[in-house]
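Participant: Numbering (my numbering), first residue to last: 39 to 785.
Dropping the structure here:
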């Protein structure tokens, strides 16, 4: 017996024996003997052919290359796998460059040395498993050749191997032998108990047919076809001289029947998925092709979820039990490394590592998921203090686990900025609504991702000075609760409710506000805010003097004093779909005035907004609806103003009505025109539901506001660094046209 190993394929050959023959058959057997003398050389040639066959199958299926050398079994830890994945994430290698599996038959006898029972499987490929079995020429049982003669013949054959590696090998490989009969038998020469397996083997044959002339190469190819059917672990072709001619017998050994499955190391793989992958094979002979498909589906389950897991070993145990060994890489440690913005070298960061680590959903002991890691990277980037973030997995020694290193490049923590805008509440004069702004912000106070913003906005009428401090995640809280403290002094035009005064005087609403709010997500896509806000508000004339009545002698405050004081308890809940402007959105807001002192206002205000976008080919239909109601004693300037750029287009700001209740609906269709330019067609409708006269002083009735109205028109939108620039022209129900210009989307 001579055995050679080439890569993952084991070749075995047996020296042939001389077969006595009659004179009529001597010519054929002499040729057959010549073929036997060069059998080793021929098998060597077949070995290379088989290697090329493996390569062609691999290239045809775009599979990963089999390792040139590999251990008989997969290592106990997936460290090598993790090294490959690390290379993938850094862009230097492919994921799982090459992984091999072995199917080992237990309870094998020493007679199995003449065949190969290890199969190589490349994960994720569709190519069948290949196995090579020895090709031998066996004499009839009545052979009279002595053992010493056989030994001498064998020695002579071995001495003649080298000279016959040239043209004689090629000639013998192409010489044909007439086959009178083709049979499939067990390795003991008996009929197979299961006729369906015999049928499968015969169906796999292509060249080997009764009364056909075959070459050794064609027989060997049929051996591979039988193995490729997946039902047999070995196949040995035997040529037997009979009275009727040469009988070709394929001695096969079927695989065991599948009676159970043992899976080790699969901590996150659902048991139901395993059952579904193997349930069709219970009680049937193990088919290597179907087994490979099951393994591919398991590996695909891990790959689809971005998990570091793979089937690393396969065994068949006695009794038809298949044992799967799954390698899952758990997270051993997560560390933060700061890199210099210019050089990329490690440096000392200003952010505390624990501030970043608590943002991560990937925790120690979990099976590492690349998808989860990507979400963690996005989460850290949304903190606003990092310029670049990446995660690099590395093997944690020989533990079979993975260490994660998060590389962070910090942004400058603070600075000054200036800008401008347009106030939507000013209608007198083309430039009166322009606003300039100046701000200082610090994104990362104390290295805890806390924000400080001090801003000043100033226009001809408007002015806002604001100090805002935000802690996006309160330390020690596991619900991701944020806290915001705000102090603001503002002056805004009173035209939204009270309009322009007939004597050309103007009113401004002055507010001093301070409060604290807490926000947190409480369901996917749902977030809530609760807070306590104090407001000191009053009305001033164009000279800055406080007043309590307007031109129509209507009260401007609810208390009758120059200022109204209110302590508001606020609650807000928001649902956001994908986060895009055209996605589904719903917001509910409620404010309750708390009369801590008798003169403080006591009321309840509810406001809701909803939006739904629908794609119609390249266009998008957007439907929005908003409404609200106030119960109790409230300041007149707090009434719901209807009309304007963000309400009913075609009217001036607040020109439709000022009510205790309101409903505004809008529908628009936007479509791409060219590049960043979109066209839009829209229609709006709003009403105060007849509540205008219930507002203290009835400011809407005194100014003859209709209380309801609609508008329709068209416009264009252009994407810009400041947001969408909106230029629209609308007609109202009185057939009056009006241009509207805005920055950003409608509320």
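Virtual Cβ for every residue (Gly too), placed ideally from N, Cα, C. A quick note: this is a predicted structure, and the numbers were derived from the prediction, not measured.
1. For residue 735, which of 588, 512, 541 has the nearest alpha-carbon?
2. Helix, strand or coil for residue 531 per DSSP?
3. DSSP on residue 297, reduced to helix/strand/coil?
4. Indicate whether residue 685 and residue 651 have their beta-carbon atoms separated by less than 7 Å.
5. Buried or exposed, going by whether 16 or more other CB atoms sit within 10 Å of the CB of residue 317?
6. With a cut-off of 8 Å on the beta carbons, I'd call residue 493 and residue 504 a contact; round off their distance for me.
7. Answer with buried or exposed for residue 690, where buried requires no fewer than 16 other C-beta atoms within 10 angstroms of its C-beta.
8. Taking contact to mean 3 or more Cβ pairs, one atom from each stretch, closer than 8 Å, check whether the stretch 396-414 and the stretch 362-370 are in contact.
9. Give every residue of the same chain whose Cβ lies closer than 7 Å to the Cβ of residue 757, excluding the five residues on either side of it in the sequence, and list them in chain order.
10. Given 8 Å as the limit, is there contact between the stretch 743-754 and the stretch 764-773, that is, 3 or more CB pairs closer than that?
11. In terms of alpha-carbon separation, which member of 592, 571, 619 lies closest to residue 606?
12. What is the rounded straight-line gap between the Cα of residue 236 and the Cα of residue 251?
13. Could you tell me if residue 564 is buried or exposed, where buried requires 16 or more neighbouring beta carbons within 10 angstroms of its beta carbon?
14. Who are the Cβ neighbours of residue 245 in its own chain at under 8 Å, not counting the five residues just before and after it?
15. In angstroms with no decimal places, state the Cα-to-Cα distance between residue 125 and residue 439.
16. In the DSSP assignment, find the unbroken beta strand (DSSP E) run with residue 507 in it and report its ends.
17. What residue does the beta strand (DSSP E) around residue 670 start on, and which one ends it?
18. Let me make sure I understand the geometry here. Which of 303, 393, 333, 720 has the alpha-carbon closest to that of residue 314?
19. Nearest to residue 826 by CA position, among 590, 239, 517, is which residue?
20. Between 233, 222, 278, 262, which has its C-alpha nearest residue 216's C-alpha?
21. Would you mind working out which of 573, 331, 645, 378 sits nearest residue 449, comparing C-alpha positions?
22. Helix, strand or coil for residue 543? Go by DSSP, reduced to three states.
23. Are any of the Cβ atoms in chain D nearer than 7 Å to that of residue 498?
24. Could you tell me how far apart the beta carbons of residue 648 and residue 663 are, in whole angstroms, since I believe they sit closer than 8 Å?
25. Thinking residue 455 and residue 477 are a contact (beta carbons under 8 Å), I'd like their distance in whole angstroms, please.
26. Just the C-alpha distance for residue 411 and residue 426, rounded to the nearest angstrom, thanks.
27. Taking only three categories from DSSP, how would you classify residue 391?
28. Going by other Cβ atoms of all chains shown within 10 Å of its Cβ, with 16 needed for buried, is residue 12 buried or exposed?
29. What do you get for residue 772, buried or exposed, if any count of 16 or more other CB atoms within 10 angstroms of its CB means buried?
30. Using 8 Å as the cut-off, can you tell me whether the stretch 617-626 makes contact with the stretch 579-587, which would need three or more C-beta pairs spanning the two stretches below that distance?
31. Could you pull the DSSP bridge partners for residue 564 from this structure?
32. Taking one C-beta from the stretch 511-528 and one from the stretch 547-565 each time, how about it: are there three or more such pairs within less than 8 Å?
33. Can you say whether residue 543 is buried or exposed, counting buried as having 16 or more other CB atoms within 10 angstroms of its CB?
34. Let's see if you can read the secondary structure: which residues bound the beta strand (DSSP E) around residue 750?
35. Less than 7 Å between the beta carbons of residue 225 and residue 295, yes or no?
36. As a quick exercise: from 326, 408, 389, 559, pick the residue whose alpha carbon is nearest that of residue 489.
Facilitator: Reading off the structure:
1. The residue labelled residue 735 in the question sits at position 697 within the chain shown. Of the listed residues, the one whose Cα sits closest to residue 735 is 588.
2. Position 493 of the chain shown, counted from the first residue, corresponds to residue 531. It is a strand residue.
3. As a working note, residue 297 is residue 259 in the chain shown. In the three-state DSSP reduction, residue 297 falls in the coil class, being neither helix nor strand.
4. Numbered from 1 along the chain shown, position 647 holds the residue referred to as residue 685. Numbered from 1 along the chain shown, position 613 holds the residue referred to as residue 651. Residue 651 is positioned such that its CB atom lies no closer than 7 Å to that of residue 685.
5. For the purposes of this step, residue 317 is identified with residue 279 of the chain shown, where counting begins at 1. With fewer than 16 Cβ atoms within 10 Å of its Cβ, residue 317 is classed as exposed.
6. Within the chain shown, numbered from 1, the residue matching residue 493 stands at position 455. Within the chain shown, numbered from 1, the residue matching residue 504 stands at position 466. Confirmed, about 5 Å.
7. As a first step, residue 690 is located in the chain shown; it is residue number 652 there, counting from the start. So residue 690 counts as buried.
8. With a cut-off of 8 Å, the stretch 362-370 and the stretch 396-414 count as touching, because enough Cβ pairs lie within range.
9. Taking the chain shown and counting its residues from 1, one reaches residue 757 at position 719. Taken in chain order, the residues that qualify are 714.
10. The stretch 743-754 vs the stretch 764-773: in contact.
11. As a position in the chain shown, residue 606 is number 568, starting the count at 1. Taking only the C-alpha atoms, the option nearest residue 606 is 571.
12. Counted from its first residue, the chain shown places residue 236 at position 198. Counted from its first residue, the chain shown places residue 251 at position 213. For residue 236 and residue 251, the distance between alpha carbons rounds to 22 Å.
13. Within the chain shown, the letter at position 526 stands for residue 564. It is exposed - the Cβ of residue 564 has fewer than 16 other Cβ atoms within 10 Å.
14. Within the chain shown, the letter at position 207 stands for residue 245. For residue 245, where only same-chain residues beyond five positions count, the Cβ hits under 8 Å are 252, 256, 257, 259, 260.
15. Along the chain shown, one-based indexing puts residue 125 at 87. Along the chain shown, one-based indexing puts residue 439 at 401. For residue 125, the pLDDT reaches just 40, beneath the cut-off of 50, and the residue's location in the model is therefore unreliable, although a value from the coordinates is still provided. Rounded to whole angstroms, residue 125 to residue 439 spans 16 Å at the Cα level.
16. The residue given as residue 507 occupies position 469 in the chain shown. That run of the beta strand (DSSP E) goes 501-509.
17. In the chain shown, the residue the question calls residue 670 occupies position 632. Counting along the chain, the beta strand (DSSP E) containing residue 670 begins and ends at 657-670.
18. For the purposes of this step, residue 314 is taken as residue 276 along the chain shown, with counting starting at 1. Among 303, 393, 333, 720, the Cα nearest to that of residue 314 belongs to 333.
19. Nothing about residue 826 can be read from this structure; the chain reaches only from 39 to 785.
20. Along the chain shown, read from residue 1 onward, the residue named residue 216 stands at position 178. Cα-wise, what sits closest to residue 216 is 278.
21. Here residue 449 refers to the residue found at position 411 of the chain shown. Ranking 573, 331, 645, 378 by Cα distance to residue 449 puts 378 first.
22. Locating residue 543 in the chain shown gives position 505, where the first residue counts as 1. Residue 543 falls in the coil class under three-state DSSP.
23. The displayed structure is made up of one protein chain only, and chain D is not part of it.
24. By 1-based counting over the chain shown, the position of residue 648 is 610. By 1-based counting over the chain shown, the position of residue 663 is 625. Sure, about 5 Å apart at Cβ, within 8 Å.
25. Counting from 1 along the chain shown, the entry for residue 455 is found at position 417. Counting from 1 along the chain shown, the entry for residue 477 is found at position 439. About 5 Å; that satisfies the 8 Å criterion.
26. Residue 411 sits at position 373 when you count from the first residue of the chain shown. Residue 426 sits at position 388 when you count from the first residue of the chain shown. Each residue's alpha carbon lies about 14 Å from the other.
27. On the chain shown, position 353 is the one that residue 391 refers to. Looking at residue 391 - three-state DSSP - the assignment turns out to be helix.
28. For residue 12 there is no data in the structure shown, the boundaries of the chain being 39 and 785.
29. Translated into the one-based positions of the chain shown, residue 772 becomes position 734. It counts as exposed.
30. Flag = no, the stretch 617-626 and the stretch 579-587 do not touch.
31. On the chain shown, position 526 is the one that residue 564 refers to. Looking at the DSSP assignment, residue 564 forms a beta bridge with 561, 613.
32. Contact check between the stretch 511-528 and the stretch 547-565: three or more CB pairs, one atom from each, fall below 8 Å, which counts as touching.
33. Here residue 543 corresponds to residue number 505 of the chain shown, with the count starting at 1. Per the 10 Å Cβ criterion, exposed.
34. Numbered from 1 along the chain shown, position 712 holds the residue referred to as residue 750. Following the DSSP letters along the chain, one finds residue 750 inside the beta strand (DSSP E) bounded by residues 746-756.
35. In the chain shown, counting from the first residue as 1, residue 225 sits at position 187. In the chain shown, counting from the first residue as 1, residue 295 sits at position 257. No.
36. For the purposes of this step, residue 489 is taken as the residue at position 451 of the chain shown. Nearest Cα to residue 489 within the set 326, 408, 389, 559: 389.
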